[in-house]
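Protein chains in written order, with the working numbering: chain A, 1 to 134; chain B, 1001 to 1293.
Virtual Cβ for every residue (Gly too), placed ideally from N, Cα, C.
Following: one structure in structure tokens, then a few remarks.
Spelled out as structure tokens, the structure:
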């Protein structure tokens, strides 16, 4: 599997979330994703970027265009150095929220992606990797 | 007799004003100042003449310290020029080039005036550089400020433009949402909607999200809150304009909008009319199409 293009975006304000969405949409179009898949990965990116901002205290996303044989895709890696998630199972439960949201962002992002990987250490930070393939 | 840089500069600028002006305007023209067509030659000439004249006066009464009162009128004219260029859409380079291209004619004039006295030429050039650089920074600051004012005004206009509440019929309102729904904008939207419900005694409010590119959980939550608040005020909401890809995404996200939704604003309006006991009837067959005859 080869990474053909990489872009990094910092996430520190609400406007950055909009910029992340726009960048992810550009990558999704480049990867040849259909309209539905584009919308899915953009929405998942929006959820995770806002989590990075609201719960992680800001961080960064790495957007990558992937090529594996004839298959292309987009991978997003969100990283923050926030408080971390003590109970990942609970955080992935629908309607569970600590911030007054709908509690569907993390679990929804998982359902919207083909690959989902979450690692978090309390006091050190959180990293979420998602990918969507054509 | 050796003169210090400031004296040389003052003497040169006052004595050779006309020559410096000619060389400066020629340089500005050669640099393409008129090419974009945003400024006329006469205007450029007038600006250059007044700036150089004021520079001469300011140097004579205030020396090289551009923060003194002697420079007030020059600073003001440069600010005006800078501001007008920022609004006309000049680049920062175009704007600052206007002032910095004055360096060459002044340096030339200084060399001519001082002849072989290299120390005097150097001192004069140093003074001229100092003055022009300070004025250049001032010009840039004003330019930047004016741009920021333009941007600030535009974003206010956009916020206002993009959240209108439209009265479609007696008791039927439409709220076409366009763009990104952040918390600040949703606040404005909700306030406008609830006020319009009171003002128009509306029974039904149609929220159209055709122009919202991404519906994530935050947008959904904002929508749900607006709908709940409208309900408390006695108005029912219909959501319209959910595109197929948005619908699929919302289902995957697990968001449920417990509200009646229609795919287009027209469908939602038709439903609203039915709900309020009205119907749209075609009275005569439609006019024949000219092109098919």
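- For residue 1242/B, the nearest beta carbon of chain A is not closer than 8 Å to its own beta carbon.
- Beyond the five residues adjoining it in sequence on each side, residue 1086/B comes within less than 6 Å, by CB distance, of 1143, 1146, 1147 in the same chain, given in chain order.
- For residue 1255/B, the chain A residues whose C-beta falls within less than 9 Å of its own C-beta are 102, 104, 108, listed in chain order.
- Per DSSP, residue 1222/B is not a residue of any beta strand (DSSP E); the alpha helix (DSSP H) it occupies stretches across 1217 to 1232.
- When secondary structure is reduced to three states using DSSP, residue 1112/B falls in the helix class.
- Beta bridge pairing from DSSP links residue 1200/B with no other residue.
- Proximity of the segment 1185 to 1196 of chain B to the segment 1228 to 1235 of chain B meets the contact definition, three or more beta-carbon pairs being nearer than 8 Å.
- Below 8 Å, too few C-beta pairs join the segment 1202 to 1210 of chain B and the segment 98 to 112 of chain A to call them touching: fewer than three.
- Within its own chain, the residues whose Cβ lies closer than 6 Å to the Cβ of residue 52/A, once the five positions on either side in sequence are excluded, are 11, 59, 78, 80, listed in chain order.
- The C-beta of residue 112/A comes closer than 8 Å to at least one C-beta of chain B.
- In the three-state DSSP reduction, residue 1212/B falls in the coil class, being neither helix nor strand.
- The C-beta distance from residue 1280/B to residue 1273/B rounds to 6 Å, short enough to meet the 8 Å contact threshold.
- What residue 94/A touches in chain B, judged by beta-carbon distance under 9 Å, is 1254, going in chain order.
- For residue 1178/B, the enclosing beta strand (DSSP E) covers residues 1172 to 1178.
- Counting only Cβ-Cβ distances below 7 Å, residue 1158/B has no contacts in chain A at all, with the closest Cβ about 13 Å away.
- The shortest C-alpha to C-alpha distance from residue 1108/B to any of 1013/B, 1099/B, 1165/B, 1240/B is the one to 1013/B.
- Of the candidates 4/A, 131/A, 19/A, the residue whose Cα lies closest to the Cα of residue 116/A is 131/A.
- Annotation: residue 63/A is outside any alpha helix (DSSP H); the continuous beta strand (DSSP E) that includes it extends over 59 to 68.
- Counting only the Cα atoms, residue 1011/B lies some 25 Å from residue 1096/B.
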